[in-house]
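**Student:** The opening residue of the sequence shown carries number 1 in full-length UniProt numbering; numbering runs sequentially from there.
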Amino acid sequence: MIVHLNAITPVSLIIIGLIALLIFGPKKLPSLGRAMGTTLREFRSATKGLTDDDDDFDTKKKVIEHKENEKNEVK
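1. Helix, strand or coil, according to DSSP, for A7 in the structure here?
2. Nearest-angstrom Cα distance between T9 and K71?
3. Report yes if the C-beta distance between L32 and F24 is below 9 Å; otherwise report no.
4. Roughly how many angstroms lie between the CA atoms of K61 and N69, to the nearest whole one?
5. Cβ atoms of L21 and L29: under 9 Å apart, would you say?
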């Protein structure tokens, strides 16, 4: 049997959930879930901002190069 490390099956999710329930208890799980969701949301927005900045930089660079090429053609 071949086991892939990156494959998360429903059985593994159930096992992880049961272990979390045993470690943290039923009263803390909802707050931990909210905290994880908030952290994931902030991480996504931060990485989206980084990729948007890179796209803006590439666009500005192309515009500058195009203007310089136009100036050189006119001369």
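The beta carbon of each residue, even a glycine, is placed where N, CA and C say it ideally should be.
Remember, predicted model here, so these are calculated numbers, not experimental data.
**Tutor:** Taking the coordinates as given:
1. Taking the first residue of the sequence shown as position 1, residue 7 is located at position 7. Reduced to three states, the DSSP call for A7 is coil.
2. Stepping through the sequence shown from its first residue, residue 9 is reached at position 9. Stepping through the sequence shown from its first residue, residue 71 is reached at position 71. Going from the Cα of T9 to the Cα of K71 covers about 60 Å.
3. As a first step, residue 32 is located in the sequence shown; it is residue number 32 there, counting from the start. As a first step, residue 24 is located in the sequence shown; it is residue number 24 there, counting from the start. Cβ distance < 9 Å, so L32 and F24 count as in contact.
4. The count along the sequence shown starts at 1 and reaches residue 61 at position 61. The count along the sequence shown starts at 1 and reaches residue 69 at position 69. Going from the Cα of K61 to the Cα of N69 covers about 12 Å.
5. Position 29 of the sequence shown, counting from 1, holds the residue named residue 29. Position 21 of the sequence shown, counting from 1, holds the residue named residue 21. The Cβ atoms of L29 and L21 lie closer than 9 Å to each other.
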